[in-house]
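Be aware that the sequence shown starts at 4, since it is given in our numbering, and climbs by one per residue. Backbone N, C-alpha and C fix where the C-beta goes; we use that ideal spot for every residue, glycine too.
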Amino acid sequence: YPEAARLMALSGAELLLYPTAIGWDPGDETAERERQREAWLTVQRGHAVANGLPVLSCNRIGFEAAPRADDHGIQFWGSSFVCGPQGEWLARAGDSAETLICNVDLQRSEQVRRIWPFLRDRRIDAYADLLRRFID
C-alpha cells in the first residue's frame, strides 16, 4: 500500500523492507502468472521511486497446499530483490532459495530526493479525501 510506504518515509525510514508471501494459483495460465509477478515487482519499485528510498523485498518460495480439496493451493514465486531510490535493480533472486548480499548507499537517497523531490513537492492540501474509504 502506498500510504504505508509514505508514512514510513515521512517518519524517517532510511529504507523500506517488505517481507512477503505472495504467489499464484497453480491453475493460472503462464501469461497470468507473469502479469501478477510483474505487477508486484512494479508496485514495490514504485514505493522506492515515490519515496526516494531503497526497497528490500523478500518473498517466500515453494508450494503450500490448501486446506480444502477444491483449492489448488499457492505457488510462491520468490523473486526477492533490492532496488535503489529510483527503482533501479541492485540485486535480484530467482524462484529458488537464495541469499542476496547487496551494498545499499543510504546517502544516495538524499541526492535522489533533491533532484526528484516527490516528498517536498507533494500537495498535502489536496489529499483530505484519502482519509475516506470511498468518495461519493
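Taking C-beta atoms under 8 Å as the contact rule, Asn62 and Ile25 qualify, at a distance of about 6 Å.
DSSP, read as helix, strand or coil, puts Ser60 in strand.
Remark: C-beta atoms of Ala12 and Leu59 do not approach each other more closely than 8 Å. Of the other Cβ atoms in all chains shown, fewer than 16 fall within 10 Å of the Cβ of Asn106; this residue is therefore exposed. Comparing C-alpha distances from Trp80 to each of Glu35, Glu113, His50 and Leu133 shows the shortest one belongs to Glu35.
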